[in-house]
Amino acid sequence: MKIYRFNPKAGRIAEGSLEGLIQSLDSPPPPKPGESAIKRAFKRFGLAQMHMSHLVIDDRTIYLRGKADSAKARDQMILTAGNVAGVAAVEAEIQVPPGTPDPKFLEIKTSHNLDEVAEKLPEDISGDELLDANQPLVTSKDDIYPGQTIRLPTEN
Numbered sequence: 299m300k301i302y303r304f305n306p307k308a309g310r311i312a313e314g315s316l317e318g319l320i321q322s323l324d325s326p327p328p329p330k331p332g333e334s335a336i337k338r339a340f341k342r343f344g345l346a347q348m349h350m351s352h353l354v355i356d357d358r359t360i361y362l363r364g365k366a367d368s369a370k371a372r373d374q375m376i377l378t379a380g381n382v383a384g385v386a387a388v389e390a391e392i393q394v395p396p397g398t399p400d401p402k403f404l405e406i407k408t409s410h411n412l413d414e415v416a417e418k419l420p421e422d423i424s425g426d427e428l429l430d431a432n433q434p435l436v437t438s439k440d441d442i443y444p445g446q447t448i449r450l451p452t453e454n
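Here the sequence shown is numbered in this note's numbering, starting from 299 and rising by one per residue.
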């Protein structure tokens, strides 16, 4: 199982009257999310739960097991769970086809759009490529926030 760290202060609020809004880094960490909140996040982004065989929450860590057909599908499962406000880590054991590259994630620090993020990367990646790698979790180049973790494009 691999462990992926997330900023528990940042992310989409998963429960209550503010559901769907972004938790600011200036606010204290929200309470840990419940299992139903994580499942709603998967549903919100159209990720098939039938590929998830195991989902457990222990304090602020999400344990995921399942299978994915591509690097992008695997990474979206990890990012969907990890970018819920209150989540500090995702431990994932997700089966992928042989030769699938390991995930490459990046926490947004101060950038306001994906073009700014791309300019700061040592790799030759455009804002459009970042957007494509992160859809449907990110819907436009401006749909990012400080503390959010995004996916860097890989071959699959």
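Note that beta-carbon positions come from the ideal geometry of N, C-alpha and C, so glycine has one too.
{"Check": "Could you say which of D324, H352, S334 lies nearest to R317 if we only look at CA atoms?", "Outcome": "In the sequence as displayed, the identity of residue 317 is Glu instead of Arg. For the residues D324, H352, S334, the minimum Cα distance to E317 belongs to S334."}
{"Check": "Thinking just about the alpha-carbon of each residue, which of L419, Q433, L362 is nearest to the one in Q393?", "Outcome": "L362"}
{"Check": "Taking only three categories from DSSP, how would you classify E519?", "Outcome": "Look at the range of the chain in this structure, 299 to 454, and you will see that residue 519 is not part of it."}
{"Check": "Rounding to the nearest angstrom, what Cα-Cα distance links V436 and R303 in this structure?", "Outcome": "19 Å"}
{"Check": "Where does T452 fall in DSSP's three states?", "Outcome": "coil"}
{"Check": "Just tell me which of Y443, P444, P401 has its CA closest to the CA of P451.", "Outcome": "P401"}
{"Check": "Alpha carbon to alpha carbon, what distance is there between P326 and E389?", "Outcome": "23 Å"}
{"Check": "DSSP three-state call for D441: helix, strand or coil?", "Outcome": "coil"}
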